[in-house]
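**Student:** Per our numbering, the very first residue in the sequence shown carries number 2; after that it's consecutive.
Beta carbons are placed, not taken as given, at the ideal position from N, Cα and C, and that holds for glycine.
The structure follows.
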Amino acid sequence: PAPPGLPPCHALGPYAGELREALLAYKERGRHGLARPLGALLAEVVATAVGPARPVLLVPVPDTAAAARARYGDHLSRLARHAAARLSGVGWDVATARPLRALPRPDSVALDSAGRAVAAESAFRARGGRRRSAAGRVVVVLDDILTTGATLAAVSRTLRGTGMTPNVAAVLAATQKRQQW
């Protein structure tokens, strides 16, 4: 079953083949030149998930500070900027926001479903200061890979606590387990 709080999710495809290789090269091997084409693909997922163009707010799942250091920056924020530029270029009213910060947590790659849920549950907090308003916008939570849905659900619950209501999630790839939902 889907974790509580998980918004409807849309994926470009399964986490396999060339898509998997591109994501690993970008995320784990520092191939930052892939940010633009992957961001363009993520824009396609957002467009499919949202439907006819209307004001959209893209909210990427935040990296932990350790992950951002290891990856030379927040890889999802980079993808969100490229996706926003692509959508904006074809006339969409789109903005990005980073209203959350990630607290230290174990790398989810080595965790099973239960471990992912526990790690994600208290992993995110609202940032202080002014936030971009989501009023009148479709809020789209972005992630690269959907495995169990625990991270997207935790981010969505935390966003609701800030007054933002995530309408949908867009990801580049989903594991086969998630493809069956």
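Tell me which residues share the same chain as L160 and place their Cβ nearer than 6 Å to its Cβ, disregarding the 5 neighbours each side in the sequence.
**Tutor:** Once the five neighbours on either side are set aside, the close Cβ partners of L160 are P167.
**Student:** Over the uninterrupted alpha helix (DSSP H) stretch that includes G25, give me the two end residues.
**Tutor:** Checking the sequence, you will find Leu at residue 25 rather than Gly. Element bounds for L25: 18-29.
**Student:** Nearest by alpha-carbon distance to R72: which of V142, G31, R138 is it?
**Tutor:** The residue with the shortest Cα to Cα distance from R72 is G31.
**Student:** Step through the CB atoms of chain C and report whether any lies within less than 8 Å of the CB of R126.
**Tutor:** Judged by its chain identifiers, the structure shown contains no chain C, having just a single protein chain.
**Student:** Rounded to whole angstroms, what is the Cα-Cα separation between T148 and R126?
**Tutor:** The alpha-carbon atoms of T148 and R126 are separated by roughly 22 Å.
**Student:** Thinking C-beta only, is A48 closer than 8 Å to V141?
**Tutor:** No, Cβ-Cβ distance for V141 and A48 is not below 8 Å.
**Student:** Any contact between the segment 51-66 and the segment 13-23? By contact I mean 3 or more CB pairs, one from each, below 8 Å.
**Tutor:** With a cut-off of 8 Å, the segment 13-23 and the segment 51-66 do not count as touching, because too few Cβ pairs lie within range.
**Student:** Give the single residue among A84, R70, R128, G90 whose Cα lies nearest to the Cα of L39.
**Tutor:** Comparing Cα positions, the closest option is A84.
**Student:** Under three-state DSSP, which class holds G52?
**Tutor:** Coil.
**Student:** Whose CA, out of G129, T65, P56, A66, lies closest to the CA of T97?
**Tutor:** It is P56 whose Cα lies nearest to the Cα of T97.
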